[in-house]
Amino acid sequence: MKQALEPTADAAWVLNDDGCDPLRESDRETRFTVSNGFLGARASHAVNRSFRRLVSPNSYVAGLFDTPDTDRPVPERVFAPDWLDVRIGLAGGPLVHHFGQGPSHPLTLDMRRGLALAECRLVEGTAVSVRLGLLRFVSLSRRSLGLQLLHLEVDQGETDITLEASFEGGDHDLISERLEIEFGLWRTHHSGKRLAMAAAVALRIDGQDLPPTALAPLKWSWTWRARPGQVVCLERIVTVARSDGPDQDPGAIVRKELSDARRSGWRSVMEQHETAWANRWSCSDVEVEGDAAAQKAIRFAVYHLNSAANPDDPRVSIGARGLTGADYRGHVFWDTEIFLLPFYILTWPEAARSLLMYRFHTLDGARAKAADRGWRGAFYAWESTDTGLEATPEQAVGPDRQIIDILTGAQEQHISADVAYAVWQYWQATGDDEFLVAAGAEILLETGRFWASRAQPEADGLHHIRGVIGPDEYHEAIDDNAFTNVMARWNIRRALEVAAMLGERWPAEWTILCRRLDLDEADLGHWTGVAETLATGLDPDTGLFEQFTGYFDLEDVDLAAYSGRSVPMDVVLGRERTQRSQVIKQADVVALLALLPEEFAGETGATNFRYYEPRCGHGSSLSTAMHGLVAARLGDVEMALDYFHKTAAIDLADTKVAIGGGIHIAAQGGLWLMTVFGFAGLSLRSDGIGLAPHLPASWLSLGFGLQWRGRSLAVRIDQTNQKLDVSLESGQPMIITIYGQPHSLSLDQALVTDIKRPRQSDDRSR
Ligand code: IFM
Numbered sequence: 099m100k101q102a103l104e105p106t107a108d109a110a111w112v113l114n115d116d117g118c119d120p121l122r123e124s125d126r127e128t129r130f131t132v133s134n135g136f137l138g139a140r141a142s143h144a145v146n147r148s149f150r151r152l153v154s155p156n157s158y159v160a161g162l163f164d165t166p167d168t169d170r171p172v173p174e175r176v177f178a179p180d181w182l183d184v185r186i187g188l189a190g191g192p193l194v195h196h197f198g199q200g201p202s203h204p205l206t207l208d209m210r211r212g213l214a215l216a217e218c219r220l221v222e223g224t225a226v227s228v229r230l231g232l233l234r235f236v237s238l239s240r241r242s243l244g245l246q247l248l249h250l251e252v253d254q255g256e257t258d259i260t261l262e263a264s265f266e267g268g269d270h271d272l273i274s275e276r277l278e279i280e281f282g283l284w285r286t287h288h289s290g291k292r293l294a295m296a297a298a299v300a301l302r303i304d305g306q307d308l309p310p311t312a313l314a315p316l317k318w319s320w321t322w323r324a325r326p327g328q329v330v331c332l333e334r335i336v337t338v339a340r341s342d343g344p345d346q347d348p349g350a351i352v353r354k355e356l357s358d359a360r361r362s363g364w365r366s367v368m369e370q371h372e373t374a375w376a377n378r379w380s381c382s383d384v385e386v387e388g389d390a391a392a393q394k395a396i397r398f399a400v401y402h403l404n405s406a407a408n409p410d411d412p413r414v415s416i417g418a419r420g421l422t423g424a425d426y427r428g429h430v431f432w433d434t435e436i437f438l439l440p441f442y443i444l445t446w447p448e449a450a451r452s453l454l455m456y457r458f459h460t461l462d463g464a465r466a467k468a469a470d471r472g473w474r475g476a477f478y479a480w481e482s483t484d485t486g487l488e489a490t491p492e493q494a495v496g497p498d499r500q501i502i503d504i505l506t507g508a509q510e511q512h513i514s515a516d517v518a519y520a521v522w523q524y525w526q527a528t529g530d531d532e533f534l535v536a537a538g539a540e541i542l543l544e545t546g547r548f549w550a551s552r553a554q555p556e557a558d559g560l561h562h563i564r565g566v567i568g569p570d571e572y573h574e575a576i577d578d579n580a581f582t583n584v585m586a587r588w589n590i591r592r593a594l595e596v597a598a599m600l601g602e603r604w605p606a607e608w609t610i611l612c613r614r615l616d617l618d619e620a621d622l623g624h625w626t627g628v629a630e631t632l633a634t635g636l637d638p639d640t641g642l643f644e645q646f647t648g649y650f651d652l653e654d655v656d657l658a659a660y661s662g663r664s665v666p667m668d669v670v671l672g673r674e675r676t677q678r679s680q681v682i683k684q685a686d687v688v689a690l691l692a693l694l695p696e697e698f699a700g701e702t703g704a705t706n707f708r709y710y711e712p713r714c715g716h717g718s719s720l721s722t723a724m725h726g727l728v729a730a731r732l733g734d735v736e737m738a739l740d741y742f743h744k745t746a747a748i749d750l751a752d753t754k755v756a757i758g759g760g761i762h763i764a765a766q767g768g769l770w771l772m773t774v775f776g777f778a779g780l781s782l783r784s785d786g787i788g789l790a791p792h793l794p795a796s797w798l799s800l801g802f803g804l805q806w807r808g809r810s811l812a813v814r815i816d817q818t819n820q821k822l823d824v825s826l827e828s829g830q831p832m833i834i835t836i837y838g839q840p841h842s843l844s845l846d847q848a849l850v851t852d853i854k855r856p857r858q859s860d861d862r863s864r
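Per this note's numbering, the sequence shown runs over residues 99 to 864.
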């Protein structure tokens, strides 16, 4: 067992934390979380948690939502029982690991192997001293499975030691239905979901099995006489299943999974898990030479991205904190479609498809939300759970401790276009026609229909969308937000395109779909008219989009004067003044430029970026990544690199943001976007992919893999030799467009071309 607890030797693959600071413990728990898209286990201490009140619960199960029976109830992902609890004690009481007393509690995240390691030493005067090594993972090859290993060496003392292993907190959010020695079945209070868990435990002392005493359901105990040099190994295999309705039996699933896992043993469970991770890394690793911090940050990002998705469950999506923390109650936002989906589409299409199928399965909720407000089509929930119904809380406590109304659920409507954008991007990159016909087309049509009903004609001959919130959430109830309107127009146009395509290529399916959606030529004609006359706020003379009607008249605050601030701009200025100012919470027109660069003719992309970038206060963790991506595309790579490191700091630097509530998974997706779409200049084209690399000076090379319409590609940008090398590892020949020039790529002919030097800082026109 000891060997299994040895981390990967290469420092670029591991994240270490030697500290033990109770004030930062919750951040460490988040950062070192292991998850697999179905189960999440935060890196809480497993052993003798005397400081239990300081830490958040440990375990999450994707899709395990319930709605509390309170005033203004908001659905939330509830906690699953913590399956990792261990207590070690002497006859007189527990061997407690106190903060600040004795050695620290180092943690290691072995990203290559997808597991977390911990060490700890427990001492009780001269009576006993033991060293512990712990390992935990949730399996990437069988997502219902978790493993905990504990390796204990006695350094000193001859005394009786008791070790208890248990499940804790089962009654925290759930009601137990059945509890047995190795099995538990719980249900949620209101949502009709059930959770089953089963566990097998074994303890060996110097290689000899010591049978446990069952103290209670899911609670085992062992007592033995400790001697110096003794080695004790605990292994616990856990299986977990969720059911969403009465017709499924999660109990049968976990029992079967447990008996399979028990038969194969923990080593085989671990081997399969590590093979699954090796496969994931071979498709998704990003290598940066020359900037060790950037390398660590992008690996950490890819580790958490690979940990967040589950290609096998199309009923769940990824919450804003993945399965790493409780913030945002597990709710799903546009973060998934805009910041995460590109990674999955291009490195793990099966996961991407499943995430989009979640939006297909929640279409009825989106249709109900639109209908409730008198519109047609699909208006997706700004905060979504399992039903697709709106889950945004209506009120919250603001930064000044006042109760404020939350309007995003009603007004942040661009979510419908964001979902459509991801559907189109997926189809473009995978060519998955079956998905398009069975699900994607319906999403595109229903979201297109939503916008066509949402935009209203006015006396100026244009259609307008009034009363919305754009990505910049500082400004509410605004009219004609450029991001919303241009994305809406794009959405309607893609709906029309998919309608024409289905009519031509799949006429029988098209007829059935039209009948089911009650869609006819008159509808399509109306949509065309709306798209042609939708106000966008573009000033043709300056090339500037006005973020929303009246934005240019607002107070222009010089953010440079507040550069030393440690709190967001809305806290500095106060809510009202922020709303009356041009201060932007996060990329808005800049986000539009990131998503639809073709909407910005000639140099107007740079014009808009130069206008809006200095006005952004980055009050959201999503903001810096969008700015970095656009800066890199515009060739301002050093500014982009600065944004890259700022984004990385969100979850990696203790001094930036408190992350006890979970990893900012959109920021992690944003790091990948900045790297691949920004520095490598990737673009998705109808005839293949485009690359236009501009690397920061410190990056000697950048390498990554891509999946494109059934092909695997390896890209390497070598700054030292000024070369771009693209090779096709599997699949049919294709076209790669480099800085606008098409090139052929085939299995037997890699593509090697020169790259351009990035602009120097003195020719930046900022
Ligand atoms: O989706 C984001 C939003 O854009 C800004 N506030 C946080 C949300 C969840 O990450």
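For glycine and all other residues, C-beta sits at the position ideal for the given N, C-alpha and C.
Asked	Found
Note down the Cα distance separating serine 237 from serine 718, rounded to an integer number of angstroms.	32 Å
Cβ of glycine 684 versus every heavy atom of ligand 1: is any distance shorter than 7 Å?	What sits at residue 684 in the sequence shown is glutamine, not glycine. For ligand 1, at least one heavy atom lies less than 7 Å from the Cβ of glutamine 684.
On the CB-based measure, 16 or more other CB atoms within 10 Å of its CB, does glycine 623 come out buried or exposed?	exposed
Hey, could you find the ends of the alpha helix (DSSP H) glycine 190 is sitting in?	Neither: glycine 190 is in no alpha helix (DSSP H) and is coded neither H nor E.
Pairing CB atoms from the segment 378-387 with CB atoms from the segment 328-346, are three or more of them under 8 Å?	no
DSSP three-state call for cysteine 612: helix, strand or coil?	helix
Hey, would you say phenylalanine 581 sits closer than 8 Å to leucine 690, going by beta carbons?	yes
In angstroms with no decimal places, state the Cα-to-Cα distance between alanine 407 and threonine 640.	43 Å
In whole angstroms, what separates the C-alpha of methionine 772 from that of alanine 738?	8 Å
Could you check if arginine 547 is buried or exposed, using at least 16 other CB atoms within 10 Å of its CB as the buried criterion?	buried
So glutamate 435 and aspartate 530 are supposed to be a Cβ contact under 8 Å. How far apart are they, rounded?	About 16 Å separates the two Cβ atoms, so there is no contact after all.
Evaluate contact between the segment 157-166 and the segment 219-235, counting only Cβ atoms and requiring at least three cross-stretch pairs below 8 Å.	no
Whole angstroms is fine: what's the gap from serine 844's alpha carbon to leucine 542's?	33 Å
Residues in its own chain within less than 8 Å of tryptophan 322 by CB, not counting five upstream and five downstream?	Asp258, Ile259, Ile303, Leu308, Val330
Hey, quick one: how far does the beta strand (DSSP E) through alanine 324 stretch, first residue to last?	317-324
Beta carbon of serine 237: closer than 7 Å to some heavy atom of ligand 1?	no
Does the beta-carbon of alanine 314 have 16 or more other beta-carbons within 10 angstroms, so that it is buried, or is it exposed?	exposed
Lysine 821 bridges to which residues according to DSSP?	Asp816, Asp852
By Cβ distance, which residues of its chain are closer than 6 Å to glycine 745, with the 5 residues on each side in sequence left out?	According to the sequence as given, residue 745 is threonine; it is not glycine. Thr722, Ala723, Ala765, Gly768, Leu769, listed in sequence order.
What residues are listed by DSSP as bridge partners for threonine 260?	Gly187, Thr321
Pull up the distance between the alpha-carbon of aspartate 637 and that of glutamine 805, whole angstroms please.	39 Å
Within the same chain, show all residues whose beta-carbon is closer than 6 Å to that of tryptophan 549, passing over the 5 residues directly before and after it, in chain order.	Ala586, Asn589, Ile590
Do glycine 779 and arginine 855 have their C-beta atoms closer together than 8 Å?	no
Measuring straight from C-alpha to C-alpha, what distance separates glycine 866 and proline 105?	The structure shown has nothing for residue 866, since the chain only spans 99 to 864.
Here's the rule I'm using: 16 or more other beta-carbon atoms within 10 Å means buried, otherwise exposed. How should aspartate 734 be labelled?	buried
Which value, in whole angstroms, describes the spacing of the CA atoms of arginine 150 and asparagine 819?	Confidence is the limiting factor: at arginine 150 the pLDDT is only 49, short of 50, which leaves the residue's position unreliable, though a coordinate-based value still follows. Each residue's alpha carbon lies about 54 Å from the other.
Examine ligand 2 and report whether any of its heavy atoms sits within less than 7 Å of the Cβ of alanine 764.	The ligand content of the structure shown is limited to ligand 1, which means ligand 2 is not among them.
I need the boundaries of the alpha helix (DSSP H) containing aspartate 503, first residue and last residue.	Note, aspartate 503: premise wrong, no alpha helix (DSSP H); beta strand (DSSP E) at 501-503.
To the nearest angstrom, how far is the alpha carbon of tyrosine 741 from that of alanine 751?	14 Å
Determine the direct distance from the alpha carbon of glycine 635 to that of aspartate 861, and round the result to whole angstroms.	Confidence in aspartate 861 is poor, its pLDDT being 39 and thus under 50, which makes the residue's placement too unreliable to answer from.
Output yes if chain B places a C-beta closer than 8 Å to the C-beta of glutamate 251; else output no.	Of the protein chains in the structure, only one exists, and it is not chain B.
Going by DSSP, what residues sit across from methionine 832 in a beta bridge?	Leu843
Hey, how far is the Cα of proline 310 from the Cα of valine 184?	14 Å
Which of the three DSSP states is assigned to alanine 913 in this structure?	It is not possible to answer for residue 913, since the shown part of the chain is limited to 99 through 864.
How do the segment 442-454 and the segment 403-417 stand: do at least 3 beta-carbon pairs fall below 8 Å, yes or no?	yes
Around the Cβ of glycine 486, are there at least 16 other Cβ atoms within 10 angstroms (buried) or fewer (exposed)?	buried
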